[in-house]
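Only one structure is covered here, and it is reproduced in the block below.
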Amino acid sequence: MPVEGVRRPAWAEISRSALAHNVAALQRVLGPTRLCAVVKANGYGHGAPLAARAALEGGAHALAVAIVDEGIELRASSVSAPILLLAEIPPETIPDALSHSLSLTVGSPAGARHAVAAAERLGGLHRVHVKVDTGMHRMGVAPALVDEVVDVLLASPAIDLEGLYTHFAVADGARDEDRSFTVGQLAVFDEVIARLAARGVRPRVVHAANSAGALGYPAARYTMARVGLALYGYLPDPWLGEALCAHGVDLEPALTLRARVVAARRLAAGERPSYGRRRALAGAATVVTVPFGYADGYPRRLFDAGADVLINGRRYPLAGTVTMDQLVVDVGDDAVEVGDDVVLLGRQGDASITADEWARLAGTITWEILCGIGARVPRVLVD
């Protein structure tokens, strides 16, 4: 396991109340549709066990992860809720998944056969969801092969065909082309649902919506929605906030990155702090050191992009290149001292810095910013 840096003043605070608030807000939009909290990639950087427990306490019905190890981690943390694996896994890992009561995704005829073989060897009854490829073209059963896959699964007394689902490619897109494609994916999925229903096959859990689908496409909500980014307080695209506004709710970012000033020095005008001596100080200034660097998830590109940090409720710019373990910050003539609180992401007083802001400055997406927070940063559940 990666080492957490619990002996240095840098950490991530995960707000239990924000996660619960977001679950409630999203459930308000979803209505009777159940919410599945996606906690893969270490809970989008928030810490999977912390995020999972907070989401479940807030009213989430189920959890979803990407790999078997993530599901086992949750079971080891005494999580008993349903946990869905969001990808078809290698045959040799299926026994571990089933022995930890993880729900399998089947995305191919071969995957169906492997799932049946493992389930029958283990004994008992094991939940399976069939994933249909309606246009994402990354993983899933082609619509024409769904009946073949279902036949393999239904023939086994060890398989509970609990779910049927698909995944959107551009549900967050605001262009007419994106919306048309998403509606087309839903049409393909609905045809598969109807075809199976005509055979008397009606999985209890039907799902298509990710965060964008849940907010932007009411027809995509079915019986369950898999919510990832929105659970943590961010919108995949601003236009998706319309659904929240219509229900009088909003989202709250659940993560704050904090540190403390560990050094302060007065430098003359023209001095060039940090590696590469990239930028001269315009005037005499106090430069402080913050123990958080690119190994912790602070993108190196943010220096050139003009990123700030918050100290004592004010924004201050970086004074030099982001290093592996530390930042240097230009606080000018202000009275900033060793031990002062620093917020890298989050709110301090009336000021805030969001993961959306980092993503814009770094030329990437909010998901990558959150998932990039380093393993050595301790996650602390607050409120």
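Residue 182 in the numbering used here sits at position 182 of the sequence shown; the count goes up by one each step and never skips.
Just so you know, even glycine gets a beta-carbon here, dropped at the ideal spot from N, CA and C.
In three-state terms, what does DSSP make of residue i?
i, result
"Leu235", "coil"
"His167", "coil"
"Ser15", "strand"
"Gly71", "helix"
"Ser352", "strand"
"Gly346", "strand"
"Ile373", "coil"
"Ala37", "strand"
"Val329", "strand"
"Asp340", "coil"
"Val4", "Position check: residue 4 holds Glu in this sequence, whereas Val was assumed. If DSSP states are grouped into helix, strand and coil, Glu4 belongs with coil."
"Val65", "strand"
"Tyr24", "First, the residue type needs correcting, since residue 24 is Ala and not Tyr in the sequence shown. Helix, per DSSP."
"Val380", "strand"
"Val79", "coil"
"Asp160", "strand"
"Arg226", "strand"
"Ala10", "strand"
"Thr364", "coil"
"Val183", "helix"
"Pro32", "coil"
"Asp172", "coil"
"Ala405", "Any property of residue 405 remains undetermined from this structure, which presents the chain solely from 1 to 383."
"Gly43", "helix"
Who are the near neighbours of residue i in its chain, counting only those whose CB is closer than 8 Å to its CB and skipping five residues on each side?
i, result
"Pro95", "Ala118, Arg121 and Leu122"
"Arg376", "Pro2, Val3, Glu4, Gly5, Ala295 and Asp296"
"Ala97", "Val68, Gly71, Leu85, Ile89 and Leu104"
"Leu30", "Ala214, Arg221 and Ala225"
"Glu191", "Pro143"
"Gly59", "Ala20, Val23, Ala24, Gln27 and Leu35"
"Ala66", "Lys40, Ala41, Leu85, Leu86 and Ala87"
Quick check on residue i: buried or exposed, where buried means 16 or more other Cβ atoms within 10 Å of its Cβ?
i, result
"Arg266", "exposed"
"His137", "exposed"
"Ser156", "buried"
"Leu302", "buried"
"Asp384", "It is not possible to answer for residue 384, since the shown part of the chain is limited to 1 through 383."
"Pro238", "exposed"
"Arg7", "exposed"
"Leu125", "exposed"
"Gly283", "exposed"
"Val382", "exposed"
"Ala194", "exposed"
"Ala174", "exposed"
"Arg199", "exposed"
"Gly270", "exposed"
"Ala246", "exposed"
"Asp151", "exposed"
"Ser77", "exposed"
"Ala112", "buried"
"Ser211", "buried"
"Arg202", "exposed"
"Ser274", "buried"
"Val343", "buried"
"Val250", "The sequence given here places Asp at residue 250; Val does not occur at that position. Counting Cβ neighbours within 10 Å, Asp250 comes out exposed, since fewer than 16 surround it."
"Pro388", "As displayed, the chain neither begins before 1 nor continues past 383, which places residue 388 out of reach and without an answer."
"Gly43", "buried"
Which residues in the same chain have their Cβ closer than 6 Å to the Cβ of residue i, if we skip the five residues on either side of it in sequence?
i, result
"Gly363", "none"
"Arg379", "Ala12, Ile14, Gly47 and Leu50"
"Ala243", "Val29 and Leu215"
"Val262", "Thr289 and Pro291"
"Gly332", "Ala285"
"Thr366", "Tyr234, Ala355, Asp356 and Ala359"
Closer than 7 Å by C-beta to residue i: which residues in its own chain qualify, once you throw out the five before and the five after it? Chain order, please.
i, result
"His100", "Gly71, Ile72 and Arg75"
"Pro299", "Trp358 and Ala362"
"Asp178", "Val170"
"Glu148", "Pro109"
"Phe189", "Val132, Thr134, Thr166 and Ala208"
"Gly374", "Ala295, Asp296 and Gly297"
Would you verify that the beta carbon of residue i is, or is not, closer than 8 Å to some beta carbon of chain B?
i, result
"Cys36", "Absence of chain B from the displayed structure is noted, only one protein chain being present."
Unbroken stretches of the beta strand (DSSP E), 3 residues or longer, contained in the region 84 to 149: Unbroken beta strand (DSSP E) stretches of 3 residues or longer found wholly inside the region 84 to 149: 102 to 106 and 126 to 131, given in chain order.
Cβ contact check for the region 218 to 237 and the region 304 to 312: 3 or more pairs under 8 Å: The region 218 to 237, when compared against the region 304 to 312, does not touch it at the 8 Å Cβ threshold.
The region 164 to 172 contacting the region 197 to 214, beta-carbon criterion three pairs below 8 Å: The region 164 to 172 is in contact with the region 197 to 214.
Minimum length 3: unbroken beta strand (DSSP E) runs contained in the region 191 to 223: For the region 191 to 223, whole beta strand (DSSP E) runs of length 3 or above, ordered along the chain, are 205 to 207.
Segment contact flag, the region 251 to 265 with the region 340 to 352, C-beta cutoff 8 Å, min 3 pairs: Of all C-beta pairs linking the region 251 to 265 to the region 340 to 352, three or more are shorter than 8 Å, placing the two stretches in contact.
Validate contact between the region 351 to 368 and the region 16 to 36 using beta carbons, cut 8 Å, 3 pairs: The region 351 to 368 makes no contact with the region 16 to 36, as fewer than three CB pairs between them are under 8 Å.
Length-filtered (4 minimum) alpha helix (DSSP H) runs lying within the region 230 to 318: Counting only runs of 4+ residues, the alpha helix (DSSP H) found wholly inside the region 230 to 318 occupies 241 to 246 and 302 to 305, in chain order.
The region 316 to 325 contacting the region 275 to 283, beta-carbon criterion three pairs below 8 Å: Yes, the region 316 to 325 touches the region 275 to 283.
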